[in-house]
Amino acid sequence: MASQIFTVAFYILFGLVIGGVGAHYYLPKFTFWISFMGAVIGLWIGVTRYRLRIFETIEAAVAGALLILASVHIIELLEELNMISGIWEGVVIALIILYYLLGKHYKKFTWYASGRVGFAGMSVIGIYFIIRCLIALALSDMVSFENSLEIMLSGLVAFASFFAVYNLAGKTT
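First residue of the sequence shown? That's 0 in numbering that gives the first Met the number 0, and the numbers climb one at a time after it.
Encoded structure:
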């Protein structure tokens with residue numbers, strides 16, 4: 000089982016890196032999204048190959064992704080002293096704390112009667128992409144194609160995440 004976990008983590012990281020490097024050279028404005036898709040494809044390959052439970056795997060992947068995001072924003076902050084990276088670092092740290100708290104207490108929520116694994120991870124994904132969507136809306140002087148696409152993709156991922164939480168809440172263990 001441990002080898003499966005590390006192999007799936009490798010698939011996710013490999014997809015993330017390949018997507019990021021490819022996008023950096025060919026579509027630099029979409030590096031985040033292409034990297035994200037690479038990671039999702041890696042996750043899908045791992046879940047399919049080893050027949051893992053999707054929400055348990057996503058739950059673990061979110062914990063790792065938050066640490067990667069925190070590291071990336073710290074590096075950007077130290078290299079460029081960029082205020083936006085500092086703000087994002089604060090957001091990611093808040094999400095790490097929220098992930099921990101939700102993971103610890105989600106079974107006590109009366110409306111989440113199923114108690115199924117996946118609540119913390121899917122909720123944090125939804126919140127992260129809602130924040131991305133709101134920032135894209137707030138920082139746009141003029142709605143460009145890239146900004147419109149950012150808003151739509153972030154909103155779509157957030158909606159899908161919260162819809163998954165809703166569906167998980169209705170299922171019993």
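Don't be surprised by glycine CBs; every beta carbon is placed ideally from N, CA and C.
Rounded C-alpha distance that separates residue i from residue j
i    : j    : result
I44  : G85  : 34 Å
K28  : N146 : 10 Å
H104 : Y25  : 43 Å
A8   : I33  : 18 Å
K107 : F35  : 32 Å
G37  : E55  : 19 Å
G18  : T30  : 7 Å
G14  : S70  : 18 Å
A159 : E58  : 15 Å
Y98  : V116 : 12 Å
Y49  : V39  : 15 Å
L155 : I83  : 23 Å
T109 : L100 : 16 Å
V164 : M121 : 6 Å
E75  : V46  : 32 Å
F161 : L12  : 25 Å
H23  : L77  : 21 Å
V16  : N81  : 23 Å
V20  : E79  : 20 Å
A157 : I4   : 26 Å
From the options, residue whose alpha carbon lies closest to that of residue i
i    : options                : result
A1   : I95, L51, V16          : L51
I96  : I83, Y111, I126, E78   : I126
L94  : F31, G154, I150, V123  : V123
C132 : V116, S153, G120, S113 : S153
V90  : I73, L77, K106, G102   : I73
G41  : Y10, I17, L68          : Y10
I53  : I129, F118, G169       : F118
I130 : W87, L77, V39, R115    : W87
I67  : N81, I92, E79          : I92
N166 : Y111, A157, V156, L155 : Y111
L65  : L148, N81, F128, V164  : F128
T6   : A60, A22, L80          : A60
For residue j and residue i, believed in contact at Cβ under 8 Å, the rounded distance
i    : j    : result
A137 : I150 : About 11 Å; that fails the 8 Å criterion.
S113 : G63  : The pair is not a contact, with the Cβ atoms about 25 Å apart (cut-off 8 Å).
Exercise for the section: Entirely within the segment 67 to 124 and at least 4 residues each: give me those alpha helix (DSSP H) ranges in chain order. Expected result: 82 to 104
Exercise for the section: Only counting runs of 4 or more residues, tell me where the alpha helix (DSSP H) segments fall wholly within the segment 13 to 72, in order along the chain. Expected result: 30 to 49
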